[in-house]
Every structure is written in structure tokens, then in C-alpha cells.
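Reading the sequence shown from the start, the letters are residues 244 to 399 in this note's numbering.
Shown next, in C-alpha cells, is the structure this report addresses.
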Amino acid sequence: MSDYEFAAIEPPEVGPLRRALLHPELPLDAMMSLGDTHHAARHIGAFKDGVLVAIGTIHPQPMPAGTPLGAWRMRDVAVEHGHRGKGLGALLVERLLEHASDNQGTVAWATVRQTAAGFFERCGFQKIDAPFVDPQEGSQYLMHTPIKPLQKSWEL
Ligand SMILES: CC(C)(COP(=O)(O)OP(=O)(O)OC[C@H]1O[C@@H](n2cnc3c(N)ncnc32)[C@H](O)[C@@H]1OP(=O)(O)O)[C@@H](O)C(=O)NCCC(=O)NCCS
Numbered sequence: 244m245s246d247y248e249f250a251a252i253e254p255p256e257v258g259p260l261r262r263a264l265l266h267p268e269l270p271l272d273a274m275m276s277l278g279d280t281h282h283a284a285r286h287i288g289a290f291k292d293g294v295l296v297a298i299g300t301i302h303p304q305p306m307p308a309g310t311p312l313g314a315w316r317m318r319d320v321a322v323e324h325g326h327r328g329k330g331l332g333a334l335l336v337e338r339l340l341e342h343a344s345d346n347q348g349t350v351a352w353a354t355v356r357q358t359a360a361g362f363f364e365r366c367g368f369q370k371i372d373a374p375f376v377d378p379q380e381g382s383q384y385l386m387h388t389p390i391k392p393l394q395k396s397w398e399l
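Shown next, in the form of C-alpha cells:
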């Protein structure tokens, strides 16, 4: 894992990997959503030899049917194929949660593909209710996790 460097990145930088790993059926200019440019949003990338190989985003957004206060939405966590299974995804999630914690976040939520639900459970998220079908994304779980005050020893 020491081969990888983590850094805060700008919204346009996440587009190509989002498209390649999550939405190859959509054009690049469909990759951005409103929350991406929220002033408190954080996009984190993991780089190997200067190449972006993993991404994740978190921004404030009320949770559906949940508290409007302190809720952050985690989105589009994705790791390039050759770099999966090494703990990168979990480290991204941890760092995104730390950013929300630093900004008075109390709960993080995500809509999660069924294939990734086990990963988010390993990262401390819990499913809320049965899966629902999103017309674009297919079968999804709404998942959430409390955000704990964290102590960190690094800065991006
Ligand atoms: C899901 C994804 C981000 C996981 O990234 P990763 O770097 O391979 O995950 P990690 O190596 O950090 O795995 C952390 C833990 O989750 C487990 N895990 C990883 N992917 C999993 C999956 N799909 N289902 C169940 N468990 C999974 C790992 O075994 C590991 O468990 P451990 O702590 O017991 O060893 C990656 O597979 C991916 O990019 N998938 C395609 C994009 C996607 O679907 N993103 C989610 C959108 S909702």
C-alpha cells in the first residue's frame, strides 16, 4: 500500500475513471452531478507511479427519509481492476469519512450496487431496507454508517 499516494483531486479529474469503471454506457460530460461542486465536497484519488487508479467522492446531502443535518453522501468509489483486493477501496472510504468527520458530519450514506454491498458492509455501512431498482443503475441498496469523530495523523 505504500506504493500508492492519496491526494485531494478536482471534480473534472474523477470523470474519466468514473466513466470507465462505473458508467461506460454514458458520455464523459454526464459524469458530473450537482454535489460534485459543493464547496465542502471532497474528491480523493489514489495514484500509482503518478497514474490515477482509484477515486471516491463525498459531499453534504440529506439522506432520503433521514435527518437533514450532518448527512454526507458518499459516491462513486471505484478502483481500477489491477489494483483491487489490496485495501485501496477501504482506505478511500476511510479518508472520505474522515473529511466528513472534520466537517461536522454525523452520518454518511450511499446508494450501492448489489455487487458492492459486501464491500460497504466491510467498511461499516449497513443496509436500510430491501434493494430498490434505479432505472439507470439497476438494483441498489441504500446504506448508511454513523460518522465517528476520528483522529488522523495525515493531511492531504
Ligand atoms: C467495490 C470496490 C471499490 C472495492 O475496492 P477494493 O480496493 O478491491 O476493496 P478493498 O481491497 O479495500 O476491500 C476491503 C474489504 O472489502 C472486501 N470486498 C471488496 N470488494 C468486495 C465485494 N464486491 N463484495 C464483498 N466484499 C468485498 C474485501 O475482501 C476486503 O475485506 P477484508 O477487509 O476482510 O479483507 C471495487 O471492487 C470496485 O471499484 N468495483 C467497481 C466499482 C463499484 O462497483 N463501486 C461501487 C459503486 S456502488
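We treat Cβ as the ideally placed atom computed from N, Cα and C, and that holds for glycine.
Taking 7 Å as the cut-off, is the CB of Arg285 close to at least one heavy atom of ligand 1? Counted from its first residue, the sequence shown places residue 285 at position 42. No, the beta carbon of Arg285 sits no closer than 7 Å to any heavy atom of ligand 1.
Confirm the yes/no value for this check: CB of Ala263, any heavy atom of ligand 1, distance under 7 Å. The sequence position of residue 263 within the sequence shown is 20, counting from 1. Checking every heavy atom of ligand 1 against the Cβ of Ala263, none is found closer than 7 Å.
Measure the alpha-carbon distance for Phe362 versus Val294 and round it to whole angstroms. Taking the sequence shown and counting its residues from 1, the one referred to as residue 362 is at position 119. Taking the sequence shown and counting its residues from 1, the one referred to as residue 294 is at position 51. Phe362 and Val294: Cα-Cα distance of roughly 24 Å.
Is it true that the CB of His266 sits closer than 8 Å to the CB of Ile301? Against the sequence shown, residue 301 aligns to sequence position 58. Against the sequence shown, residue 266 aligns to sequence position 23. Contact flag unset, no.
Between which two residues does the beta strand (DSSP E) harbouring Arg356 extend? For this step, residue 356 is matched to residue 113 along the sequence shown. Residues Val350 to Arg356.
Write down the C-beta distance between Pro389 and Thr349 rounded to the nearest angstrom, noting that I regard them as a contact closer than 8 Å. Within the sequence shown, numbered from 1, the residue matching residue 389 stands at position 146. Within the sequence shown, numbered from 1, the residue matching residue 349 stands at position 106. The pair is a contact, with the Cβ atoms about 7 Å apart (cut-off 8 Å).
Got a sec: does ligand 1 put a non-hydrogen atom nearer than 7 Å to the Cβ of Gly325? By 1-based counting over the sequence shown, the position of residue 325 is 82. No - ligand 1 has no heavy atom lying nearer than 7 Å to the Cβ of Gly325.
Enclosing alpha helix (DSSP H) for Ser344 [first to last residue]: Counting from 1 along the sequence shown, the entry for residue 344 is found at position 101. Where Ser344 is concerned, the enclosing alpha helix (DSSP H) stretches over Leu331 to Asp345.
Please confirm whether any heavy atom of ligand 1 lies closer than 7 Å to the CB of Leu331. Here residue 331 is taken as the residue at index 88 of the sequence shown, counted from 1. Under cutoff, so the answer is yes.
How would you label Pro303, buried or exposed, when you count the other beta carbons within 10 angstroms and need 16 or more for buried? The residue you call residue 303 lines up with position 60 of the sequence shown. Counting Cβ neighbours within 10 Å, Pro303 comes out buried, since at least 16 surround it.
Selected residue, minimal CA-CA separation from Gln357, among Asn346, Gln347, Ala351 and Gln369: Indexing the sequence shown from 1 puts residue 357 at position 114. It is Gln369.
Alpha-carbon spacing of Ser189 relative to Thr310, whole angstroms: The question about residue 189 has no answer here: the residues shown for the chain are numbered 244 through 399.
Could you give the residue range of the alpha helix (DSSP H) that holds Gly258? For this step, residue 258 is matched to residue 15 along the sequence shown. Gly258 -> alpha helix (DSSP H) spans Pro254 to Leu264.
Check Glu248 in the structure and name its three-state DSSP category. For the purposes of this step, residue 248 is taken as the residue at position 5 of the sequence shown. Strand.
Measuring alpha carbon to alpha carbon, tell me which residue in Ala360, Ala373 and Ala289 is nearest Met246. Here residue 246 corresponds to residue number 3 of the sequence shown, with the count starting at 1. Position check: residue 246 holds Asp in this sequence, whereas Met was assumed. Cα-wise, what sits closest to Asp246 is Ala289.
Option in His282, Arg261, Gly278 and His281 with minimal Cα separation from Asp272: As a working mapping, residue 272 is identified with position 29 in the sequence shown. Per the Cα distances, Arg261.
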